[in-house]
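> If you count the sequence shown from 1, you need to add 104 to reach the working numbering. Using N, Cα and C, we set each Cβ at its ideal position, and we do this for glycine too. Computed from a predicted structure; not experimentally measured.
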Amino acid sequence: MEERIVQPPASPLKTALAQFDAAADRLHLNEGMRAILRTCKRELAVHFPVKMDDGSIRVFSGYRVHHNLARGSAKGGIRYHLAVNLDEIRALAMWMTWKSAVVNIPCGGAKGGVVVNPKALSHSELESLTRRYATEISILIGPNEDIPAPDMGTDGRVMAWIMDTISMHRGYTEAGVVTGKPVSVGGTLGRQEATGRGILYVVQEAARQYGVALEGATVAVQGYGNVGAVAASLLSRAGARVVAVSDSSGGVHNGQGLKIDALSRLKREGAALVQAPDGDHVTNEELLTLPVDFLVPAALENQITAANAADLRARFVIEGANGPTTPEADAILHNKGIIVVPDILANAGGVIVSYFEWVQDLQLYFWEEDEVNERLHRVLTRAYRDVARIAQEEKVSLREAAMLLAVRRVVEATKVRGIYP
Ligand code: NAD
Numbered sequence: 105m106e107e108r109i110v111q112p113p114a115s116p117l118k119t120a121l122a123q124f125d126a127a128a129d130r131l132h133l134n135e136g137m138r139a140i141l142r143t144c145k146r147e148l149a150v151h152f153p154v155k156m157d158d159g160s161i162r163v164f165s166g167y168r169v170h171h172n173l174a175r176g177s178a179k180g181g182i183r184y185h186l187a188v189n190l191d192e193i194r195a196l197a198m199w200m201t202w203k204s205a206v207v208n209i210p211c212g213g214a215k216g217g218v219v220v221n222p223k224a225l226s227h228s229e230l231e232s233l234t235r236r237y238a239t240e241i242s243i244l245i246g247p248n249e250d251i252p253a254p255d256m257g258t259d260g261r262v263m264a265w266i267m268d269t270i271s272m273h274r275g276y277t278e279a280g281v282v283t284g285k286p287v288s289v290g291g292t293l294g295r296q297e298a299t300g301r302g303i304l305y306v307v308q309e310a311a312r313q314y315g316v317a318l319e320g321a322t323v324a325v326q327g328y329g330n331v332g333a334v335a336a337s338l339l340s341r342a343g344a345r346v347v348a349v350s351d352s353s354g355g356v357h358n359g360q361g362l363k364i365d366a367l368s369r370l371k372r373e374g375a376a377l378v379q380a381p382d383g384d385h386v387t388n389e390e391l392l393t394l395p396v397d398f399l400v401p402a403a404l405e406n407q408i409t410a411a412n413a414a415d416l417r418a419r420f421v422i423e424g425a426n427g428p429t430t431p432e433a434d435a436i437l438h439n440k441g442i443i444v445v446p447d448i449l450a451n452a453g454g455v456i457v458s459y460f461e462w463v464q465d466l467q468l469y470f471w472e473e474d475e476v477n478e479r480l481h482r483v484l485t486r487a488y489r490d491v492a493r494i495a496q497e498e499k500v501s502l503r504e505a506a507m508l509l510a511v512r513r514v515v516e517a518t519k520v521r522g523i524y525p
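Here is the structure:
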């Protein structure tokens, strides 16, 4: 297959606002309420020095943004990526507000990030950067105020450093200040797999609703990190045939089904997926247009755009990543009859189990893994069915239905609380 020209990425904030405006129109929101919900209530930009291993000093930039806290404390991940910018973090914070609302957990929306390629730093440089960033944003974060979690480029190790940094400042262990921590320091069983497991539950619900057998259904997954790799593994264990996966280096394709455990081993050893022996190489663009039952974009925003949406041949798009589909592409997919399960529902497993972790930290009482998974299943399945029902009643897409439900809940909380003072 020949290489295609990749379009410059659209703005995730434009996507998030367009999605909100469509819901606001349907709900006939007044100008005041629209203005509240279109705006992030608090935005912190930080620029801070880090001593590198060779003795030099580098200044890094980071952000922490709160979109809306009407339904509870701020909750949202921290991303380490070179493309991080304030507008992207605003969009991601806004999606967190809707995500918590659609699955009905009592959290507001937040997001943070640092402009950095974490793979280019040594272990000690990453730790210094994390501890300094945590200190810079410590004026916002805390178990009652704002509880970060992992996102792209961050993991349990980074969360443990943030927790330790805040605990050192306070003089006591503050486990509830972040989620996604290792289990040894107050993390919950099931968190690491939660987003990918949520994708499995959502695929099962979509398959049930549309009468598709999961056994033998074909799957392609773009992005092979915390979300994509776990989703690929659980879907293949549930009987689906995962025929293509990719990471930032590109992907592998095998129509007979890939050996996911072997690919995950390869990744753990530090290799790229394109080095896998048991399939043909595909580019990330090609992977998106494979004829599969379920396409799971689980990497970055703006992967399915007006430039490639018409070429998609999947029956379902299950949005593992945040904002992988632009509004223009959404309309094209809708016209083609492709069912899109939106990010704020499909990848909500992460924030749901983060919420469970926070509850356990506050109570100092920890649950068994099957209890975590059962509760996740219950919350996510109910949310999927609520959204599917609204989609049918209102004759709208699952994304529009999810947005209607989420925005309605946030509006309700805002009205009940009133405008201070
Ligand atoms: P990660 O860093 O663990 O993995 C990201 C993966 O995407 C890696 O395999 C990377 O190689 C790949 N990738 C990066 N750029 C790519 C590109 N241009 N094309 C194809 N692949 C590319 O990140 P993650 O935590 O799995 O997050 C992935 C997405 O899921 C993000 O949009 C994130 O916001 C979203 N998300 C994550 C969670 C979570 O719990 N981690 C929860 C909800 C949503």
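Buried or exposed for Glu135, going by 16 or more other Cβ atoms inside 10 Å?
Glu135 comes out exposed.
> Under a Cβ-count criterion, where at least 16 other Cβ atoms within 10 Å of its own Cβ denotes burial, should Glu106 be classed as buried or exposed?
Note that Glu106 scores 32 on pLDDT, short of 50, meaning its location in the model is unreliable; the coordinates nonetheless yield the value given after this. So Glu106 ends up on the exposed side.
> Shortest alpha-carbon distance to Ala433 belongs to which of Arg142, Pro395, Val444?
When only C-alpha atoms are compared, the closest one is Val444.
> Asn172 bridges to which residues according to DSSP?
Asn172 is bridged to Gly213.
> Met200 and Ala214 - do their beta-carbons sit closer together than 8 Å?
Contact flag set, yes.
> Using 7 Å as the cut-off, classify the Cβ of Ala526 as near or not near the heavy atoms of the ligand NAD, replying yes or no.
Residue 526 is absent from the model: the chain starts at 105 and stops at 525.
> What first and last residue would you give for the alpha helix (DSSP H) that runs through Pro431?
431-439 is the span of the alpha helix (DSSP H), which, as asked, contains Pro431.
> Taking 8 Å as the threshold, find out whether the region 383-390 comes into contact with the region 348-365 through three or more Cβ pairs.
Because the criterion of three Cβ pairs below 8 Å is met, the region 383-390 and the region 348-365 touch.
> For Ser501, count neighbouring C-beta atoms within 10 Å of its own C-beta (all shown protein chains included) and say buried if the count is 16 or more, exposed if not.
So Ser501 ends up on the buried side.
> Which same chain residues, not among the five before or five after Asp250, have their C-beta less than 6 Å away from its C-beta?
Here the set comprises Ala178, Ala214, Leu244.
> What residues in its chain sit with their C-beta under 6 Å from that of Thr518, if we drop five residues either side in the sequence?
Same-chain partners within the cutoff: Ala174.
> Which value, in whole angstroms, describes the spacing of the CA atoms of Ala128 and Thr409?
In a straight line, the C-alpha of Ala128 is about 23 Å away from that of Thr409.
> Which partner residues of Asp250 appear in the DSSP bridge assignment?
Beta-bridge pairing links Asp250 to Ala178, Gly246.
> According to DSSP, which residues form a beta bridge with Glu147?
Bridge partners of Glu147: Val169.
> So, for Leu394: in the same chain, excluding its five sequence neighbours on each side, which residues have a beta-carbon less than 6 Å away from its beta-carbon?
Closer than 6 Å at the Cβ level, and outside the excluded window around Leu394, lie Ala324, Ala348.
> Note down the Cα distance separating Arg512 from Leu131, rounded to an integer number of angstroms.
Going by the C-alpha atoms only, they are around 8 Å apart.
> Given that a residue counts as buried once 16 or more other Cβ atoms are within 10 Å of its Cβ, and exposed if not, what is Ile523?
It counts as exposed.
> When the Cα atoms are used, what is the spatial distance from Leu318 to Pro254?
Those two C-alpha atoms are separated by around 30 Å.
> Between Val457 and Thr258, is the Cβ-Cβ spacing less than 8 Å?
No, the pair does not count as a contact, with Cβ atoms beyond the cut-off.
> Of all the alpha helix (DSSP H) runs that stay within the bounds of the region 440-488, which reach a length of 4 or more residues?
Those alpha helix (DSSP H) runs which fall completely within the region 440-488 and span 4+ residues are 447-450, 453-467.
> Identify whether Met105 lies in helix, strand or coil by the three-state DSSP scheme.
Residue placement at Met105 cannot be trusted, given a pLDDT of 33 that sits under 50; what the coordinates show is reported in the next sentence. Coil.
> Just jot down, in chain order, the residues whose CB lies closer than 6 Å to any heavy atom of the ligand NAD.
Cβ-based neighbours of the ligand NAD within the cut-off: Pro254, Asp255, Met256, Gly257, Thr299, Gln326, Gly327, Tyr328, Gly329, Asn330, Val331, Gly332, Ser350, Asp351, Ser352, Asn388, Ala402, Ala403, Leu404, Gly424, Ala425, Asn426, Asn451, Gly454.
> Do Thr429 and Val421 have their beta-carbon atoms positioned less than 8 Å apart in this structure?
Yes; because the gap between Cβ atoms is below 8 Å, this pair is in contact.
> Identify whether Pro153 lies in helix, strand or coil by the three-state DSSP scheme.
Strand.
> What did DSSP end up calling Gly383 once you bin it into helix, strand or coil?
Three-state DSSP puts Gly383 in coil, outside helix and strand.
> With DSSP run on the structure shown, which of helix, strand or coil describes Arg345?
The answer is strand: DSSP assigns Arg345 an E or B state.
> For Leu466, count neighbouring Cβ atoms within 10 angstroms of its own Cβ and tell me buried if that reaches 16, exposed if not.
Exposed: under 16 other Cβ atoms inside 10 Å.
> Would you identify the three-state DSSP class for Ala324, choosing helix, strand or coil?
Here Ala324 sits in strand by DSSP.
> My understanding is that Ala413 touches Phe398, with C-beta atoms under 8 Å, so please give their C-beta distance in whole angstroms.
Incorrect: roughly 17 Å between the Cβ atoms, too far for contact.
> What residue does the alpha helix (DSSP H) around Ser116 start on, and which one ends it?
The displayed chain sequence assigns Pro, not Ser, to residue 116. Unbroken alpha helix (DSSP H) run through Pro116: 116-130.
> Could you tell me if Glu595 is buried or exposed, where buried requires 16 or more neighbouring beta carbons within 10 angstroms of its beta carbon?
Because the chain here runs from 105 to 525, residue 595 falls outside it and cannot be looked at.
> Taking the C-alpha atoms as reference points, what is the distance between Glu472 and Arg295?
In a straight line, the C-alpha of Glu472 is about 12 Å away from that of Arg295.
> Helix, strand or coil for Gly257, going by three-state DSSP, please let me know.
Looking at Gly257 - three-state DSSP - the assignment turns out to be coil, as it is neither helix nor strand.
> Can you tell me which of the three DSSP states Ile523 falls into?
Reduced to three states, the DSSP call for Ile523 is coil.
> Report the partner residues of Asp85 according to the DSSP bridge assignment.
Given a span of 105 to 525 for the chain in the structure shown, any question on residue 85 remains unanswerable.
> Do Leu55 and Ile494 have their CB atoms nearer than 8 Å?
Outside the shown range of the chain (105 to 525) lies residue 55, about which nothing can therefore be said.
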